[in-house]
């Protein structure tokens, strides 16, 4: 149970709530940094007097703890929030934003070649991992700051916005100096210290859904970021783990129209991880846009067969160009453009 | 391991294969009704001599048992097979076929009203259950033959093709007298006697994917039908069971382009069961068509709030009309029409 | 919503309920064969008057449709029902019942050898498939009646009770002539016509949980059988489909104590299908008994490497003997015996 | 592909491997801190010459990247590693170690009362969260260092070892000053920076399996810790996400004997999170021990109805005492003691 105080409340009003809870033999937890001020009620039991609490001065309303989404929620009539994708593009606007690039930044030459191809095909952002979350500690963990510098050079040459993952709290500052959008990966959607850390800097955050996160958990992860003051959150569906075997993950596209209904955050789709199969990336991109996605995140490499990571699901540049051409009529059917 | 005999083989050739297996201390199982003739090799062990078997007279090739799909497979250049949907429509052709109607046939009046609305909105087929598979034995099990008669009357009045579920082997004859397409439901996809029974009659079969069937199992279920001589099988994706809670099922749309790649059977999508949420049916219909679906199966009722079954996921007629209008640009973007 | 009539109600009382519903603009569905008589209320809406219905003569109570389990439910103080396993054993009593044998009956010699080994190791029942549900139509489908005759001979020689699967309604009579217990397989748990058919004969039924059935669906499947008058139902957990890869299925053992809490039916566990790995069968058998299982169903073959089906998960006879010896202290710890 | 160098290799040998890869137009990634030295081969393609690499001086062998588990693997004849649980107990030895306590440390009084009860019932460790990973940012996040101090006081009074979660890299030092065992929670199993950080300190680490992690990912997470030099890792199964609804998670106990087979790390089970139902905790504890678990992690509170978190799955002290008494015969049956 959350007590939401009125916007004009003071610390004194909050302390009144705490005292009131105390008298009911309950404890109140003051949510750090929340505006309006919030107090969680702990240890609810028979002494809990809801009406008395609701009538306390400056209490706006009580909210069930399982009802999420204070910051990320959509009110009647809300528009999807437009989040900048670098200087020249955005996500959440009429134009579908496409972010393309390799799984890992391998070398300057590699990222520049891919960036040029992505730009020419119509992408607005460049993805590429400098810090890589790997299942095995014996796998390549990324070029780290050098990789970020290569990405920055690619932005210089193409104007593409840089989207790259930040793995740990200690690298948030470093990554935000280079990137236009900080990505929080699927593995880290539940890592609340990282969510808090990216919420305290000002670059937009691309938040990928955990591969077995519920929708509620996904939105609460966005709330962790937004509670720190950074409202530029982009959600990203990338597939969930199921019993299916012909795909790496099951792309759960219904989350797109559901997010549109209950949240005003933009949502994009990653059909590369969402299927793990190059031949499924283009049709599922079409489907994503058809059900309302604001953008796409696609793995592209100039030579997938030699890619250091994710080689089995990566498109080559010609395939990506073809995807972009094929996407256009679906974007138009959705009342949007590329 | 399957031994595939050449088309011109005789019973004598087949018996040679069996004797050959015998000499290797193996057993052969002759697949009933298969053309070309097929022999499964049982009890494989060290004595198995693959080369000798391959060189036997009239042996065409050996196939690993886990490689599915002899009848349902797509060869290079194959077109999707066109399956008739009654006298006036089809599935697998350029036109997207839409089958709409209630979960259960409740009364003559009900089905006629819904059929009229569905027809006007552009549907080509009418769905409606006369035999209902219900979780609880204490739930309404359908009007049975009377329900079929009501459906037939709706066809008379509207020209819509009748698609209705057959639950048990003993009703296959009865249902095929009334229906244009026999539906095998998700619960029964694994019930091989029913698959065999609908394979022995001539009406097309709409085969829904089991809610936790693998793609391989789905195609093998089609093979059970086709092995009996009925090649008019329509596949239908209707969602799988996962950890997701905001939907009744997770609609796994990637199966659509994957089926297009490996099979020549038409595939349609049921976004009503696939999401269980009326507000998700239209966007997921758009997505289904965008990734290549040949048709849709949609629950529609003139008064969903009073529907006897599935009331929470059923569209009313106005919502269905709106869905059909919204679908049109996506059908065009996919190079198809409604 | 179900209306439960009092035990002494007559058809006239039932018709009163139907008329009463009619006056509320609702429809009533009379559940065929239910004792006490049951009427499902269809099309519930604003006119529904719960109190009036509850006060109708001879109405015992109203039950929410999602509250299952009239026949299979446990009342305070109920004992687990004891179901006979042939002439000499049972399931649900103090003694753990173990049913062992091959996936498929392959030959008379095979089944007699395995039966002798199983008997010696302490099994009370012999499993073996004569009608086989196979994913592929090109796989061996069982020796059918000949297989049943081999099983009967094994019973003659060993006294073991015969547990064998019935796949289709048309074979229920045949199988019940040979078997001591009819098995309904995981694939068919949702096939209600088969549940009804085995409910109409008198041999006990071993009902395997569908591999993605909910617990509620599992118990409702038992209700389908019991509603026809056959109360001798044995539940069997055999694993569910999940994302796990090192096992064929995830054995969800918590279902055992949960069934003990809410139902009085005996429940056994199949660790062979539940893991698909021979080395996991013995430890999971111990775990099953430790959390309250009434018995086990285990795949055993005298030469697993040459078994026609399920060779990868089948124990040999020595492994089965070792499992039985290892199980004994756990049965004792659970206050039971073998 | 990993190149494993011989133990006596020098940096010069490693550089030879890198040059050799260079000549094959490949890149080598030197795994930081690995002993023996490891080089991952990146960008494998047609130029890759396996034999040449294997014959390079000081190359021990090549390992497929998907074959995990260098540090955590079990060799023939290995014993399970014994990991200390504070000064007086251990996990992995003959005695089953039980760690009990509340979800959250709420107050000094609360933790002291629970610790006393847990100790009396026979627990060897005390759990309790001072840093809480919460789905919602509006939920109580733990008393942090004050909570750790309360736990330390409970250790002083009872001798119980303190097991408490560390959420973020920045708190590893702080938590390791107070705790006897650092817990990495299910949400953070994939957060590799935290794994690395706890690998660099010397207190044992309790690693909970991610709720949809594969077994391979689970073991690789342990490798991340062990690669830093901390070999005292305790694995913990706590249930996975599936379609099941009567439990909070599906407790996948087969992972216990599988880990015993392939790894020498001890493994314990958390039936509180693994079921989410108090009445299932005791039977699943019995099952866990029966299939080989080295210990248990159980939520206990002196007044669950007023617990601030996880109140619905927590045992009270009497229930915990009863669990411990009931467990004893199963521990003995498994050849162990409490």
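Protein chains in written order, with my numbering: chain D, 2 to 339; chain S, 2 to 339; chain W, 2 to 339; chain C, 2 to 339. Cβ atoms here follow ideal geometry from the backbone N, Cα and C, with glycine treated the same way.
Asked                                                                                                                          : Found
Three-state secondary structure (DSSP) of residue 273 (chain D)                                                                : helix
At least 3 beta-carbon pairs within less than 8 Å: the region 244 to 261 of chain C vs the region 251 to 259 of chain W        : yes
For residue 101 (chain C): DSSP bridge partner residues                                                                        : C:127, C:299
Proximal residues to residue 188 (chain D) (C-beta, below 7 Å), its chain only, five neighbours per side dropped               : 134
Top-ranked residue by Cα proximity to residue 202 (chain W), from W:215, W:218, W:167                                          : W:167
Three-state secondary structure (DSSP) of residue 78 (chain W)                                                                 : coil
From C:247, C:181, C:41, residue whose alpha carbon lies closest to that of residue 1 (chain C)                                : Not covered by the structure: residue 1 (chain C). The range shown for chain C is 2 to 339.
Where the region 285 to 319 of chain C meets chain W: residues whose CB sits under 8 Å from a CB there                         : 285, 287, 288, 289, 290, 291, 292, 293
Sufficient close CB pairs (3 or more, under 8 Å) joining the region 310 to 327 of chain W to the region 307 to 325 of chain C  : no
Min CB distance residue 36 (chain C) to chain D below 8 Å                                                                      : no
Endpoints, the alpha helix (DSSP H) within which residue 21 (chain S) is located                                               : 12 to 24
Short-range partners of chain C found in the region 224 to 243 of chain S, where Cβ spacing is below 8 Å                       : 242, 243
Cβ contact (3+ pairs, closer than 8 Å) linking the region 125 to 143 of chain S and the region 95 to 107 of chain S            : yes
Nearest residue (CA-CA) to residue 113 (chain W), options W:127, W:100, W:123                                                  : W:127
In chain order, each beta strand (DSSP E) run of at least 3 residues that lies wholly inside the region 129 to 177 of chain C  : 162 to 166
Exposed unless 16 or more other CB atoms sit within 10 angstroms - verdict on residue 306 (chain W)                            : exposed
Other residues of its chain near residue 291 (chain W): CB distance less than 8 Å, five sequence neighbours each side excluded : 331, 334, 335
Reduced DSSP secondary structure (H/G/I, E/B, other) of residue 229 (chain S)                                                  : coil
Close beta carbons around residue 191 (chain W), own chain, < 8 Å, minus the five adjacent residues each side                  : 211, 214, 218, 222
Span separating the alpha-carbon of residue 151 (chain S) from that of residue 180 (chain S)                                   : 11 Å
For residue 112 (chain D), the residue or residues it bridges with in DSSP                                                     : Its beta-bridge partners do not exist; DSSP assigns none.
Host beta strand (DSSP E) of residue 29 (chain S) (start-end)                                                                  : 28 to 31
Cβ-based neighbour list, residue 109 (chain W), same chain, cut-off 7 Å, excluding 5 preceding and 5 following                 : 151, 154
Chain W within 8 Å of residue 248 (chain C), Cβ atoms only                                                                     : yes
Which of helix, strand or coil DSSP assigns to residue 291 (chain W)                                                           : helix
Residue 148 (chain S) versus residue 174 (chain S) - alpha carbon distance                                                     : 15 Å
CB contact below 8 Å: residue 191 (chain S) versus chain W                                                                     : yes
Residue 62 (chain W), DSSP secondary structure in three states                                                                 : strand
First through last residue of the beta strand (DSSP E) which encompasses residue 238 (chain C)                                 : 234 to 238
Own chain residues within Cβ distance below 7 Å of residue 1 (chain S), not counting five before or after                      : The first residue shown for chain S is 2 and the last is 339, placing residue 1 (chain S) beyond what the model contains.
Residue 184 (chain S) classed as buried or exposed, judged by whether at least 16 other C-beta atoms fall within 10 angstroms  : buried
Beta-carbon gap between residue 311 (chain W) and residue 267 (chain W) smaller than 8 Å                                       : no
Which listed residue (W:123, W:240, W:140) has its alpha carbon closest to that of residue 34 (chain S)                        : W:140
Within-8 Å CB hit, residue 273 (chain C) to chain W                                                                            : no
Top-ranked residue by Cα proximity to residue 146 (chain S), from S:172, S:56, S:48                                            : S:172
Boundaries (first-last residue) of the beta strand (DSSP E) holding residue 208 (chain S)                                      : 206 to 209
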